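Letter by letter, the sequence shown follows residues 1 to 268 of UniProt numbering. C-beta atoms are modelled at their ideal positions from N, C-alpha and C, and glycine is treated no differently. Bear in mind that the values here come from a model prediction, so they are computed numbers and not experimental data. Below is one structure, written out as structure tokens; the observations come after it.
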Amino acid sequence: MPDLSGLVALVTGASAGIGRHLAEGLAARGAAVAGLARGGERLRAAMDDVAAATGARTLAVPADVTDAAAVDAAVARVTPELGPVGLLVNNAGAIDAAEVPLWEADPEQWWSVVESQVRGPFLLARAVLPGMLAAGGGRMVGLASGLGTRGDARYSAYSAGKSAQMRITEAIGLAGAGHGVRAFDVAPGVVDTAMTRAMPMHAGRTEWTRPADVVDLVVAIAAGELDAWSGRFLRAGADTLDALRATTPAGDARRLRLLPYGDADPLA
């Protein structure tokens, strides 16, 4: 079990679901954890529970991830109270309200999903990364999805948002490489949460990704064990830590790229 003592982690969407599991998993390994979510009362209760269960220092910083001023204010609280953020986990995000084709979607709800998946991670990264650069490095994890690697007829907003989030991760990985900043996309698979239970596509599902698999992958990233995978896509429950540690990916492995139609493709 990696020892994360001395690390300060900021986890968005930390009051429930995967974010709540990640907050407790990081705290159990010694990290101080700041949790961010919109609902202040539920977030404070969750962070208090994490502190009680692990003995770690925690902080609740309520904010809407799509509100620039609120994000800046929340991040500004973390360093004085816990210390500089060394790990940012962009977990918060919404999903399409209905499984319908794009032209039947409500425009405002569709766009709010994209904002949560794109504007949110952008604003958090913009607020946190300068501190990482000043400290000589850090790591960012974006909660990705297989729906970000392919089109989907039913979840067009979520798919578009997750694809864009992967581009943000790759951009940070490339720009931060010379400054000790690394970024990763971690797809959690299908974890049993209120959100996934509400999705008709998962009705009747009996096999779920274990939350512990997601936590273990993020902990390994936080400990610096998977730095060779910066800017790339990892999948909890499918990738094993032993295989990831033993592999140095090359070229465009696990990155979003166009596939050539054949040897004669001028874009190949």
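- Residues of the same chain with a CB within less than 6 Å of the CB of T58, apart from the 5 flanking positions on each side, are V33, M47, V50 and A51 in chain order.
- Only residues of its own chain outside the window of five on either side were considered, and among them V61 have a CB closer than 6 Å to the CB of R77, listed in chain order.
- Bounds of the alpha helix (DSSP H) holding V50 are G40 to T54.
- If you look at V85, you'll find it isn't in any alpha helix (DSSP H); DSSP assigns it neither H nor E.
- In the three-state DSSP reduction, D265 falls in the coil class, being neither helix nor strand.
- The three-state secondary structure of D213, taken from DSSP, is helix.
- Assignment of beta-bridge partners to V11 by DSSP yields G35 and V89.
- Secondary structure in the stretch 134-181: the alpha helix (DSSP H) runs of 4 residues or longer, each lying completely within the stretch, are 156-176 in chain order.
- The criterion of a C-beta distance shorter than 8 Å is not satisfied by G86 and R126.
- A Cβ-Cβ separation of about 10 Å leaves L26 out of contact with L10 under the 8 Å criterion.
- Between the stretch 103-116 and the stretch 128-135, the count of Cβ pairs shorter than 8 Å is below three; the stretches do not touch.
- Residue state for V186 is assigned as strand, using DSSP reduced to three classes.
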